[in-house]
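Single-structure report; data block below.
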Amino acid sequence: MDFVRTFDYRKNWFFPLLVVAGLVRLIAPQTNIADLPAVGPLVRPAAGLAALLSLAAILTIVAAFALSPVLDRGPAAARAARWAGYGLIIAFFLFMPLYVEQIPHASMLKMTVAIQFMIVIVGLNLLTGFGGQISLGQGAFFAIGGYTLAIGFREWEMPWGWSLLLAPLIAGVVGFIIGIPALRFKGPYLALATLSLAVTVTPLAKKFEHYTGGVQGVAMFGKLKPPFWSDDPDRFFYYLTAALALLVFVLAANIRRGRFGRALIAIRDNETAAAAMGVNVALYKMTVFGIAGAFAGLAGALNAVVIQFVSPDQYSVLLSIRFLVGAVIGGIATINGAIIGGLFQQFVPDVTLSINKSAPDAIQAVILIVFMYVMRHGVAGFIEQTWRYARTGLRLRRPAEAEGGAPVAGRPGEAGASQS
Amino acid sequence: MTEFIQLVLAGTANGCIYGLLALALVLIYRSTHIINFGQGEMAMFSTYICWSFLNAGMGYWVAVPLTLILAFAAGLAVQRILIRPVQNAPELTIVIVTLGLYLFFNSLALWIYSGVPKPFPLPTGVRQASWQVGDIFIIPYHLFIFVVLIVLMLALYVLFQRTKLGLGLRAAAAQPVSSQLVGINVGWMLALGWGIAAAAGALAGILSAPIVQLEPNFMATVLIFSFASATLGGFDSPPGAVVGGIALGNIVALGGRYIEFIGTQLDIVLALVVIVAVLLVRPAGLFGRQAVQRV
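Chains as they are written, first to last, in our numbering: chain A, 3 to 422; chain B, 9 to 303.
This is the structure in structure tokens:
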């Protein structure tokens, strides 16, 4: 499973094309592709996405060059620059309520939901991106979270704060247990088994009508607000979600960096070798299933609070597939990619919905397939590669020239590509 | 007892459809080790194409072969254009591309044909009313499905075992590198496999459309059932897929009737149970070859 492969821009037509396309789009007079009868509405979101991507690429290159005097000062300066980057991202979300209305298509609730998607996707990134376990069943854990909150509220009259604690716990335990049969499955078989898990959620929820309210679902309690908060309750919930998301991201980043993450990557790359090195493969796999499940359960519970409603049809297979799409678009073997994945899942369907009711899925499918060919690391991987290219692209070429321009051995990036 | 036989008859008819789609999955898996998650939706879309032909006034026996030819061409094209570039990519990439196919065809059908269920006619020449033998009612269409499956299996048997092309297809699946060396065009053989699979899937969709109504999600559950069938029969055995399909059709029909808890709503859970049980107890399935991995 080496889908985290080095990706060489010099052999890739996509990057220069993107930059050129972005520049043409910026400079050329506004030719209205949107007015073309059939393709217009389809092309517009794709063109918008391409323009955004090329803008991101250009900004990354500019930042890499602008920051180079700082970054060349050594690891401490580089670390400071990285923390400044994280600070910018946190500030963006911290001050969101002030300017959210200015962003087209955005609102407080939509941002809250987008952050909830991020929580699911970060779990999926750990599970699939770093652990190598393909899961199409995250929607099932999302549903467990939602129903925990709904049932806790309706049957046991539990304060919702406790439900938010209980939901990830239950989903995590279920995930851990589901990890046991998953030990026997590999690759596409695991995708198959988890897909059928996702499919069974809706009929199961309809069956246990007594608890889940059947097809009608459970409608909930109205807005939640703690006594000390006198402001808008939506805003409180946004900050609560964002704080929990920050916690999840920090947790995930630490997991990824530490002993656990290295063991996961070892399992992904070669299970036999990892076992031979003394990694307890079964325990790690089950645990990462549990962690991903707990994250999805937490997000599901938060989502139920926002939507104020839980019904079986919310948790269809498509939901699970959408989570995976978000993870892949953001960059599945990254932590930060989840931010992009969550925003993508919230806003791209929203923007494309105006074309047709089923346009969002069609466009997502096309974007997904295109990404698999040109940007297998997702947007986060793309930005990271662009950054590295801007920082070291020229430096890499030097040894080859020094060797007297040996045409075969001198191509940088070749070694990385042929190893895989 | 009468009820039991009645259930078995209906279960077998449904099982034939699961078997057909499972056959499509197996044909692809055997040669390329890809599980095509988009298979069911490709079949669904082919069925819609067939419905459009029928709606335009074409006869059943013209529209169906035409659809199958189109499905074959589409399968071929999908393999050549979309799958070939990622053929040697990691599993996750291929799974995601086939999921992309799933999402694409599903939403495209919803877009073009809307979600309103459409009735699909029985084949001309097949009686609507059922025959009565003693206490048992036999629905002619069920018999028709069974006959179609038998004919298709025979045709595939002849193709794979008795023709040079079939030899090439089998060789490309078993030993791609060696086949390439003896002059078989492996790339085209794989594409042909996808074409045959797409046609078989389309047939499954067309056959099941009169039983359930035609709507964009009608193959989704069938796909899960045929995954279970293929797992049960063994993912690398075409006869196993069909036997597994018929077995699963009966498991679902009988389980839904005799296990109180399952009922008609939870039949999909039976598929999940079958998948997990088979993969745990005998991962290769009933007829599959045990995979041996070289470390």
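Cβ coordinates follow ideal geometry from the N, Cα and C atoms, glycine included. Only a predicted model underlies this, so the values are computations on that prediction, with no experimental measurement involved.
8 Å Cβ cutoff, residue i in contact with chain B
| i | result |
| --- | --- |
| Gly189 (chain A) | yes |
| Met113 (chain A) | no |
| Pro183 (chain A) | yes |
| Thr214 (chain A) | no |
| Asp363 (chain A) | yes |
| Arg400 (chain A) | Residue confidence is low: Arg400 (chain A) scores 41 on pLDDT, short of 50, so the model does not pin down where it sits. Its coordinate-derived value is still stated next. Closer than 8 Å: no. |
| Tyr375 (chain A) | yes |
| Arg397 (chain A) | Bear in mind that a pLDDT of 49 at Arg397 (chain A), under 50, signals an unreliable position, so the number given afterwards is only what the model happens to contain. It does not; no Cβ of chain B falls within 8 Å. |
| Val201 (chain A) | yes |
| Val281 (chain A) | no |
| Asn358 (chain A) | yes |
| Lys287 (chain A) | no |
| Pro314 (chain A) | no |
8 Å Cβ cutoff, residue i in contact with chain A
| i | result |
| --- | --- |
| Ser186 (chain B) | no |
| Gly108 (chain B) | yes |
| Glu99 (chain B) | yes |
| Trp119 (chain B) | yes |
| Ser115 (chain B) | yes |
| Ile232 (chain B) | yes |
| Gln273 (chain B) | yes |
| Ile57 (chain B) | no |
| Ala180 (chain B) | no |
| Pro93 (chain B) | yes |
| Ile13 (chain B) | no |
| Ile25 (chain B) | no |
| Pro246 (chain B) | no |
| Phe112 (chain B) | yes |
Buried versus exposed, by CB contacts within 10 Å (16 or more), residue i
| i | result |
| --- | --- |
| Gln387 (chain A) | buried |
| Val330 (chain A) | buried |
| Asn256 (chain A) | exposed |
| Ile91 (chain A) | exposed |
| Glu211 (chain A) | exposed |
| Gly260 (chain A) | exposed |
| Ser54 (chain B) | buried |
| Glu49 (chain B) | buried |
| Tyr101 (chain A) | exposed |
| Ile283 (chain B) | buried |
| Ser360 (chain A) | buried |
| Asn44 (chain B) | buried |
| Lys287 (chain A) | buried |
| Gln218 (chain A) | exposed |
Alpha-carbon to alpha-carbon, residue j and residue i
| i | j | result |
| --- | --- | --- |
| Leu323 (chain A) | Gln140 (chain B) | Reading the sequence as shown, one finds Ile at residue 323 (chain A) and not Leu. Using only the alpha carbons, I get a separation of about 46 Å. |
| Ser122 (chain B) | Tyr266 (chain B) | 37 Å |
| Pro93 (chain B) | Pro190 (chain A) | 18 Å |
| Gly87 (chain A) | Gly203 (chain B) | 50 Å |
| Ala207 (chain B) | Gly252 (chain B) | 20 Å |
| Ala268 (chain A) | Glu99 (chain B) | 17 Å |
| Thr336 (chain A) | Gly133 (chain A) | 12 Å |
| Gln316 (chain A) | Gln169 (chain B) | 48 Å |
| Val115 (chain A) | Ala244 (chain A) | 10 Å |
| Leu192 (chain A) | Asn305 (chain A) | 27 Å |
| Ile121 (chain A) | Ile42 (chain B) | 30 Å |
| Ile357 (chain A) | Ala367 (chain A) | 15 Å |
| Met9 (chain B) | Leu78 (chain B) | 44 Å |
| Ala78 (chain A) | Trp85 (chain A) | 11 Å |
| Pro99 (chain A) | Ala207 (chain A) | 35 Å |
For residue i: DSSP bridge partner residues
| i | result |
| --- | --- |
| Ile144 (chain B) | B:Val141 |
| Phe311 (chain A) | A:Ala221 |
| Lys208 (chain A) | Beta-bridge pairing links Lys208 (chain A) to no other residue. |
| Lys126 (chain B) | B:Leu222 |
Local conformation of residue i per DSSP, three classes
| i | result |
| --- | --- |
| Leu55 (chain A) | helix |
| Leu222 (chain B) | strand |
| Glu159 (chain A) | coil |
| Lys359 (chain A) | coil |
| Ser39 (chain B) | helix |
| Met9 (chain B) | coil |
| Ser187 (chain B) | helix |
| Trp231 (chain A) | coil |
| Ile171 (chain B) | In the sequence under discussion, the amino acid at residue 171 (chain B) is Thr, which differs from the Ile named in the question. Three-state DSSP puts Thr171 (chain B) in coil, outside helix and strand. |
| Gln135 (chain A) | coil |
Residue i beta carbon near the ligand NAD (any heavy atom closer than 7 Å)
| i | result |
| --- | --- |
| Ser165 (chain A) | The ligand content of the structure shown is nil, which means the ligand NAD is not present either. |
Amino acids of chain C, ordered along the chain, whose beta-carbon sits closer than 7 Å to that of residue i
| i | result |
| --- | --- |
| Ile204 (chain B) | Here the protein chains are A and B, and chain C is not one of them. |
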